[in-house]
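This report refers to the structure that appears directly beneath it.
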Amino acid sequence: MSDNLCPPLFGPAFDADPYPAYAWLRDNAPVTRVPLPGCQAWLVTRYEDAVVTLTHPSLAKDPAAGSPEWRAASLGLPLDHRPGLARHMLNADGADHSRLRRLVGSAFTPRRMAGLRERAQEVTDDLLDRLDGPEADLIAGLAYPLPITIICDLLGVPEADRPTFHHHASVIDSSAASEVAQIAEATDALEKFLAGLVALKRTHPGDDLLTDLVRRSAQGEIDEDELTSTAFLLLIAGHETTVALIGNGLLALLRHPRQAAELRSDPARLPGFIDEMLRYDGPVRNATWRFPTEPVVIGGQEMLPGEPILVSLLSANRDPSAFPDPDAFSPGRTGGPHLAFGRGPHYCVGAALAQIEAEAAIGSVLRRFPELSLAVDPADLTWWPSAIMRGMFSLPVRLYG
Ligand code: HEM
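Numbering (the working numbering), first residue to last: 1078 to 1478.
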């Protein structure tokens, strides 16, 4: 391949290993236009430009700030335009954003987080007990069910309703690669389900985050659409991301036996290892849409009001100007910090919870299966065809020798 040609930015080869294409873009077209169905978007790939974009005061998150072309193109997607699902903090700016974020942030109390740590360990132990080896898929057996169970606990979804909730969530997940019509149907059903859950919390309050938010709504701090939208955001933002952190993180260990042995001999290093897993092969490919509210210049490119912008977090996290020898998996490295949880006002609210779940899952797998190895050639792993997320459909392993 000529040095002057960018490797493809779509398709299975890119999904399996997007890093060579990102390296090319950082060197040759660090802020570039990419074609999307129905419109074009800016793609930002260097670390420094990514930080500028994620923290820029003249870039809005509200979809209403998007250009007419972007709005027309994205109207096909059911998620961005329904008041009952879209009026959450990731689509809000300024005072509305701060209010919604504060409400959720204050519901992540130290007591609730301590309870979730205990619960994440209990759920992990139970899931690992059920693996009956000698081979297993650690996505279906652990990485997928753990986060959805924790989110159901957090939102206070009654046990009897969990299968329905799981079903709708799995259709919407990009890991399921569902059809648009199916997604629209599941989104309808989930919107109704969440409205019903909010009503239930009014009559039967529980010790959960949604009950806290319902109480705040009685004081006029959050309205009905914002309540269901926030529950929806927590489900979407907190589920697949964590599935991918556990899956991609375990894969990094399986492909780096020397580092895995170091971790086994010093388990206290687990948080640092998870930090490097987030940098090396993080769950979020691109941050969510941003739109200039006035002309802005980023990386030497002028962007006009409404033009949609994506920031490649995967690319920024492999930028050699921020991380020496960026393609090496090197826990405890200097440089960064990584951008896997974003940066600035929309920095991930659930970062601490994700860390708790990953520590329970990855720590327990290492402890319980000292001979763990990959059961397939890495080239045979299949990756989600998602524009936003990076994760695998399955992770087949041999549990014993
Ligand atoms: C490894 C797991 C996770 C990763 C990599 C991740 C990543 C991110 C990123 C990159 C953003 C910023 C997006 C942007 O600026 O466009 C974000 C925002 C957010 N995340 Fe996470 N996330 C994870 C887990 C979670 C969990 C477990 C929850 C909650 C249960 C959560 C809730 C949120 C929320 C509510 C926001 C919006 C914050 C705002 O708009 O102010 N995330 N996350």
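Glycine included, every Cβ here is placed at the ideal spot set by N, Cα and C.
Cβ-based burial, residue i [other Cβ within 10 Å; buried from 16]
i, result
"Pro1211", "exposed"
"Val1426", "buried"
"Ser1135", "exposed"
"Ala1338", "exposed"
"Met1466", "buried"
"Ser1306", "buried"
"Val1108", "buried"
"Asn1363", "buried"
"Gly1115", "exposed"
"Ser1221", "With the sequence shown as reference, residue 1221 is identified as Tyr, and Ser is not the correct amino acid for it. Result: buried."
"Arg1356", "buried"
"Glu1195", "exposed"
"Ala1456", "exposed"
"Val1121", "buried"
"Leu1340", "buried"
"Asp1396", "buried"
"Thr1241", "exposed"
"Gly1273", "exposed"
"Gly1218", "buried"
Spatial distance of residue i from residue j (CA atoms)
i, j, result
"Pro1155", "Ser1398", "For Pro1155, the predicted model reports a pLDDT of 49, less than 50, meaning its position is unreliable and no value from the coordinates is stated."
"Gly1315", "Ala1106", "32 angstroms"
"Glu1379", "Trp1119", "10 angstroms"
"Leu1102", "Gln1117", "16 angstroms"
"Ser1079", "Asp1230", "Because the pLDDT at Ser1079 is just 47, under 50, the model does not fix this residue reliably, and the value given afterwards should be weighed accordingly. For Ser1079 and Asp1230, the distance between alpha carbons rounds to 52 angstroms."
"Thr1280", "Arg1293", "15 angstroms"
"Thr1288", "His1243", "20 angstroms"
"Ser1183", "Asp1284", "14 angstroms"
"Lys1138", "Ala1321", "24 angstroms"
"Pro1348", "Phe1446", "19 angstroms"
"Ala1431", "Thr1370", "32 angstroms"
"Leu1208", "Ile1216", "12 angstroms"
"Leu1443", "Arg1179", "36 angstroms"
"Gly1376", "Arg1148", "25 angstroms"
"Phe1185", "Cys1083", "43 angstroms"
"Ser1392", "Pro1282", "44 angstroms"
"Val1374", "Val1129", "10 angstroms"
"Leu1290", "Asn1081", "53 angstroms"
"Pro1403", "Ala1100", "10 angstroms"
"Val1111", "Asp1454", "32 angstroms"
"Arg1479", "Asp1092", "Beyond the ends of the chain as shown, which are 1078 and 1478, falls residue 1479; an answer cannot be given."
"Ala1090", "Pro1462", "10 angstroms"
"Arg1040", "Gln1259", "Here the chain has residues from 1078 to 1478 only, and residue 1040 is not among them."
"Leu1480", "Trp1460", "Absent from the structure is residue 1480, since the part of the chain shown begins at 1078 and ends at 1478."
"Gly1088", "Phe1368", "26 angstroms"
Which residues DSSP lists as bridging residue i, in chain order
i, result
"Leu1387", "Leu1120"
"Trp1366", "Bridge partners of Trp1366: none, in fact."
"Ala1213", "Val1474"
"Ser1450", "Arg1475"
"Ala1437", "DSSP output for Ala1437 lists no bridge partner at all."
"Trp1460", "Met1469"
"Pro1112", "Gln1117"
"Leu1136", "Pro1369"
"Ile1375", "Gln1378"
"Val1361", "Met1466"
Distance between beta carbons of residue j and residue i, contact taken as under 8 angstroms
i, j, result
"Gly1468", "Glu1353", "That pair is no contact at about 17 angstroms."
"Lys1269", "Gly1233", "Going by Cβ atoms, the distance from Lys1269 to Gly1233 rounds to 17 angstroms, so no, they are not a contact pair."
"Ala1163", "Leu1113", "About 19 angstroms separates the two Cβ atoms, so there is no contact after all."
"Val1361", "Ala1417", "6 angstroms"
"Ala1437", "Ala1197", "4 angstroms"
"Val1248", "Ala1263", "4 angstroms"
"Leu1131", "Arg1420", "4 angstroms"
"Gly1324", "Leu1472", "5 angstroms"
"Gly1412", "Phe1400", "4 angstroms"
"Asp1302", "Pro1160", "4 angstroms"
"Gly1440", "Pro1372", "That belief does not hold up - the Cβ atoms of Gly1440 and Pro1372 are roughly 49 angstroms apart, past 8 angstroms."
"His1190", "Ala1429", "First, the amino acid is wrong: residue 1190 is Met here, not His. Their Cβ separation, rounded to whole angstroms, is 6 angstroms, which keeps Met1190 and Ala1429 in contact under 8 angstroms."
- Do the segment 1380-1392 and the segment 1135-1145 touch if we need at least three Cβ pairs shorter than 8 angstroms? yes
- Message: Can you confirm whether the segment 1198-1209 touches the segment 1294-1313 when touching is taken to mean that 3 or more C-beta pairs between the two stretches lie within less than 8 angstroms?
- Response: Contact between the segment 1294-1313 and the segment 1198-1209 is absent, with fewer than three C-beta pairs closer than 8 angstroms.
- Query: With a cut-off of 8 angstroms, do at least 3 Cβ pairs link the segment 1301-1311 to the segment 1165-1174?
  - Reply: yes
- Task: Tell me, please, whether the segment 1443-1453 touches the segment 1325-1341 by the rule of three or more beta-carbon pairs shorter than 8 angstroms.
- Result: yes
- Contact between the segment 1321-1328 and the segment 1080-1100 (3+ Cβ pairs under 8 angstroms): no
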